[in-house]
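Right, one structure below, let's go through it.
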Amino acid sequence: MFLIAGIQPKIKKLEDTPRQCPSCGQFQAYRKRMDHYLSLFFIPLLKVKTGQPFILCDRCARTESPESLDRSAGSAPRKPRCSDCGRSLKPEFSFCPFCGTAR
Ligand SMILES: [Zn+2]
Ligand SMILES: [Zn+2]
0 MFLIAGIQPK IKKLEDTPRQ CPSCGQFQAY RKRMDHYLSL FFIPLLKVKT
50 GQPFILCDRC ARTESPESLD RSAGSAPRKP RCSDCGRSLK PEFSFCPFCG
100 TAR
């Protein structure tokens, strides 16, 4: 009997909306994840490992971690902090409830 079994990587696209690639500037970067499957006759049967999500650009094939992309794009919601005591503030606060510093 001739069996072909093994672990196969499988890239899954996690979103359909392209993001801007920080490397080439084109909106062809997608959030993807590489999972590993136990496969038999090249048919994935069982997921054995769930990978970390990453950003892969279809144009320049550059990969980025989602964290670095969010940081460079500045799209991540930043928590407002008091410039004086450094505690996190609610966005609607006009002054710090801890030390009274106006924002
Ligand atoms: Zn690119
Ligand atoms: Zn404060």
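Residues in the sequence shown are numbered consecutively from 0, following numbering that gives the first Met the number 0.
In this text, a Cβ means the ideal position worked out from N, Cα and C, and glycines have one as well.
No experiment lies behind these values; they were computed from the predicted model shown.
Beta bridge counterpart(s) of residue i as assigned by DSSP
i	result
Gln-7	Tyr-36
Thr-62	Leu-55
Ser-22	Beta-bridge pairing links Ser-22 to no other residue.
Leu-88	Note: Leu-88 sits in no beta bridge, so no partner.
Buried versus exposed call for residue i [16 or more other C-beta atoms within 10 Å across all chains shown]
i	result
Glu-91	exposed
Glu-63	buried
Ala-28	buried
Leu-55	buried
Leu-88	buried
Cys-98	exposed
Arg-30	buried
Phe-40	exposed
Arg-18	buried
Ala-72	The pLDDT assigned to Ala-72 is 48, lower than 50, so where the model puts this residue is not dependable; a value taken from the coordinates is nonetheless given after this. Flag for Ala-72 reads exposed.
Presumed contact (8 Å Cβ cut-off) between residue i and residue j, rounded CB distance
i	j	result
Leu-16	Asp-34	Before going on, a small fix: residue 16 reads as Thr here, not Leu. About 21 Å separates the two Cβ atoms, so there is no contact after all.
Cys-23	Cys-59	4 Å
Distance CB(residue i)-CB(residue j) smaller than 8 Å
i	j	result
Ser-93	Arg-102	yes
Arg-32	Lys-46	no
Arg-61	Cys-20	yes
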